[in-house]
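In the working numbering, the protein residues as written are 324 to 550. Here's the structure, in structure tokens; my notes come after.
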Amino acid sequence: MKILAFNGSPRKQQGMTAHLLDLFLDSAEASGAEVTKHYITELDIKGCTGCFSCWWKTPGKCIHRDDMDWALPAILDSDITVFATPVYHDNIIHYLQRLRERTLPLALPEFILNNGETKHPGRYRKKRKTVIVATAGFPESSAFEVTERLFRDATHIFLPSSVLMVQGKELPIIQDFVDAVKTAADKLIKGENLDDELKNRLKVDFPPEVKEMLIKQHNESSENMKA
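Have a look at this one:
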């Protein structure tokens, strides 16, 4: 089982996104997966121009010659593709969005209806799984609404107030989340489906009293930073 991961965080290994991504990848590797990871900020990925040459002039091939020349075949070769992003201003990081837009050559220009939504069919028939790992500073799960929509067909692993990965390990809700991530990684590697209960555990939703505590702690920390 091959896993190809792209971390979009500009903080690379120093960010909370890396902590969460590595939790999933390490668990998958322990279950026998072959893992490859890249930092998107280290890649040369030019922006999509919307010319649609990859559909009409050179089907399946972009006009740009950059790191997407190897990334697209690598995505196709993987069994699971994992994208990781911090949520900035309620959206995924622009580095990941640029990569995402450049996957257009993997789609065909035709329209199809899929579960009531109009989509483009895939150019290639291989079935692959996608996982989106996202972190946010706000304590609400609503911070991931845009991310969830953009990756609506993926497995979602979402952690608000993600600093708790290192500062709140003792909290039962964080311990349960960590266990859920490990379980999900193992099941995906084994080709098993995730039930609704597990999917819900992968998207942390803090109760009101925890949110109030997190907001208070953040504001106190901000005041100390000003000093």
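Just so it is clear, CB atoms sit at the ideal spot from N, CA and C, and this is done for glycine as well.
Item                                                                                                                            : Value
Terminal residues of the beta strand (DSSP E) in which K442 lies                                                                : E440 to K442
Status (buried if at least 16 other CB within 10 Å, exposed otherwise) for T372                                                 : exposed
Beta-carbon proximity check, A328 vs A394, cutoff 9 Å                                                                           : no
D413 versus A466: straight-line alpha-carbon distance, rounded                                                                  : 6 Å
Every unbroken beta strand (DSSP E) inside the stretch 356–409 [3 residues or more]                                             : 357–362
Residues sharing a beta bridge with G445, DSSP                                                                                  : A430
D509 vs A351 beta-carbon contact at 9 Å                                                                                         : yes
Buried versus exposed, by CB contacts within 10 Å (16 or more), G355                                                            : exposed
Residues near I538 in its chain [Cβ-Cβ closer than 7 Å; skip 5 each side]                                                       : P462
Exposure label - G331; buried when at least 16 CB within 10 Å                                                                   : buried
Contacts around S376, its chain only, beta-carbon distance under 6 Å, and the 5 residues preceding and following it disregarded : I386
Selection from K492, D502, I480 and I496 that minimises the alpha carbon distance to P409                                       : I480
Distance, W379 Cα to F529 Cα                                                                                                    : 48 Å
Given K384 as reference, the closest of A430, H361 and L487 once Cα atoms are compared                                          : A430
N-terminal and C-terminal residue of the beta strand (DSSP E) that N523 is part of                                              : N523 -> not in any beta strand (DSSP E); alpha helix (DSSP H) instead, spanning D519 to R524.
N547 (DSSP reduced to helix, strand or coil)                                                                                    : helix
As assigned by DSSP and simplified to three states, the class of A459                                                           : coil
Pair within 9 Å by beta-carbon distance, K360 and R425                                                                          : no
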